[in-house]
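For the sequence shown, the positions run 84 to 324 when this note's numbering is used. For glycine and all other residues, C-beta sits at the position ideal for the given N, C-alpha and C. Note that the structure is predicted; figures quoted are calculated from it, not measured.
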Amino acid sequence: MLFNMNKFINPTTGVISRHFIEYSQQAGQLLYWHNHKGARIQVRQYQQLRWLLINDTLQSVVLQHQPEQLLLPHLQCLAQHWQAHTAPIKVLELGLGGGAIRNYLVQRYPEAEITSVEINSAIISCYTTFFAHDRQQPLICNSAQQVLNSAHAIDWIVLDLFSQVDAPRFLFEQAFYEKIHAALNNNGTLFINFLAQHESQLKQLQQLLLQVFGYKISPQKIAGYMNHIVMITKQAPKQLN
Numbered sequence: 084m085l086f087n088m089n090k091f092i093n094p095t096t097g098v099i100s101r102h103f104i105e106y107s108q109q110a111g112q113l114l115y116w117h118n119h120k121g122a123r124i125q126v127r128q129y130q131q132l133r134w135l136l137i138n139d140t141l142q143s144v145v146l147q148h149q150p151e152q153l154l155l156p157h158l159q160c161l162a163q164h165w166q167a168h169t170a171p172i173k174v175l176e177l178g179l180g181g182g183a184i185r186n187y188l189v190q191r192y193p194e195a196e197i198t199s200v201e202i203n204s205a206i207i208s209c210y211t212t213f214f215a216h217d218r219q220q221p222l223i224c225n226s227a228q229q230v231l232n233s234a235h236a237i238d239w240i241v242l243d244l245f246s247q248v249d250a251p252r253f254l255f256e257q258a259f260y261e262k263i264h265a266a267l268n269n270n271g272t273l274f275i276n277f278l279a280q281h282e283s284q285l286k287q288l289q290q291l292l293l294q295v296f297g298y299k300i301s302p303q304k305i306a307g308y309m310n311h312i313v314m315i316t317k318q319a320p321k322q323l324n
């Protein structure tokens, strides 16, 4: 199957095309394939584009000569929110994929400590072999829940743990968000890329965040996709006069 590179990326917005997303499991050259505990992992490449798929679902796509450039619309939306915030000192990324978020944050905030957490060792191997932009920042092979048990004084937590449409069960448990709340600095912010197949999932997430953070948030829908961007900040305790 032949593809036109000019049709893959919108030259105005820099967003990857729906055409590419739909055919990403067929396009380009297969660089890597591995079945890890039931997860089929692929790395493919076409000209300067390189991307990661898990079970034929696109996880990350990068430009080799500009690995920090964000090409997916939900990531560009996240970046707009990050740019509106004060630069962080400590960032904890939960979920690595092909490292598009990590590469962007490392380049954009060179003074910050960017720690990425990924439970799947095969994904980490793919990242370090095919996508890594900076190998100096911490990269941990462990579960998000385990790392959160000892995390503290974090300015930003970026939660992107959706390898497929269905979310891990613990993402709908209050205890998980209580760990996140405890790990954040006062005025620290949680950013979530949330894939919602049903409206009930969004409502459940909103209710959990209301219970833990104390106020209601409104997810931002990415037009044409199941992605919703959620942003919520831990409010500092009020001082008594």
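| query | According to the neighbour-count rule (16 or more other Cβ atoms, all chains shown, within 10 Å of its Cβ), is His311 buried or exposed? | reply | buried
| Residues bridged to Trp239 (per DSSP) | In the DSSP output, where bridge partners are listed per residue, Trp239 has Val174, Thr272.
| message | Is it buried or exposed, Asp238, if we count other Cβ atoms within 10 angstroms and call 16 or more buried? | response | buried
| said: Rounding to the nearest angstrom, what Cα-Cα distance links Val248 and Gly182 in this structure? | reply: With a pLDDT of 48 at Val248, under the threshold of 50, the predicted position of this residue should be treated as unreliable, though the coordinate-derived value follows. Taking the straight line joining both Cα atoms gives about 19 Å.
| query | Of the choices Ala170, Ser199, Ala195, whose alpha-carbon is the least far from that of Gly409? | reply | Outside the displayed range of the chain (84 to 324) lies residue 409, so it cannot be described from this structure.
| message | Counting C-beta neighbours from all protein chains within 10 Å, is the total for Arg25 16 or more, i.e. buried, or is it exposed? | response | As shown, the chain starts at 84 and ends at 324. That puts residue 25 outside it, with no answer to give.
| field | Ile124 to Trp165 span [Cα, whole Å] | value | Whole-angstrom Cα-Cα distance: 29 Å.
| According to the neighbour-count rule (16 or more other Cβ atoms, all chains shown, within 10 Å of its Cβ), is Lys173 buried or exposed? | buried
| Can you tell me the Cα-Cα spacing of Tyr187 and Ala236, whole angstroms? | 22 Å
| said: Could you compute how far the alpha carbon of Glu194 sits from the alpha carbon of Pro171? | reply: 9 Å
| Where Ser283 falls, given that 16 or more other Cβ within 10 Å makes a residue buried | exposed
| field | Residues of its chain near Leu141, where Cβ-Cβ distance is below 7 Å and the 5 sequence neighbours each way are ignored | value | Ile104, Ser107, Trp134
| said: If contacts are defined as beta-carbon pairs under 8 Å, then Gln220 and Val189 qualify, I think. What distance do you get, rounded to the angstrom? | reply: 6 Å
| field | Between the CA atoms of His148 and Phe214 - distance to the nearest angstrom | value | 11 Å
| query | Does DSSP put Thr169 in a helix, in a strand, or in coil? | reply | coil
| task | Could you check if Leu85 is buried or exposed, using at least 16 other CB atoms within 10 Å of its CB as the buried criterion? | result | Bear in mind that the predicted position of Leu85 carries a pLDDT of just 47, short of 50, making it unreliable; the figure below should be weighed with that in mind. Here Leu85 is exposed. Its C-beta has fewer than 16 other C-beta atoms within 10 Å.
| query | Under three-state DSSP, which class holds Thr212? | reply | When DSSP states are grouped into helix, strand and coil, Thr212 belongs to the helix group.
| query | Under 8 Å, do Gln44 and Gln128 count as touching if we go by C-beta distance? | reply | Past the edges of the chain, shown from 84 to 324, lies residue 44, and the structure says nothing about it.
| How many Å lie between Tyr326 and Gly180 at the Cα? | There is no way to answer for residue 326, as the model of the chain reaches only from 84 to 324.
| query | Would the beta-carbon of Ile275 fall within 8 Å of that of Leu242? | reply | The Cβ atoms of Ile275 and Leu242 lie closer than 8 Å to each other.
| task | To the nearest angstrom, report how far apart Asn138 and Ala122 are at their CA atoms. | result | About 6 Å.
| Segment limits, alpha helix (DSSP H) that includes Arg191 | According to the DSSP assignment, Arg191 belongs to the alpha helix (DSSP H) that extends over 183 to 191.
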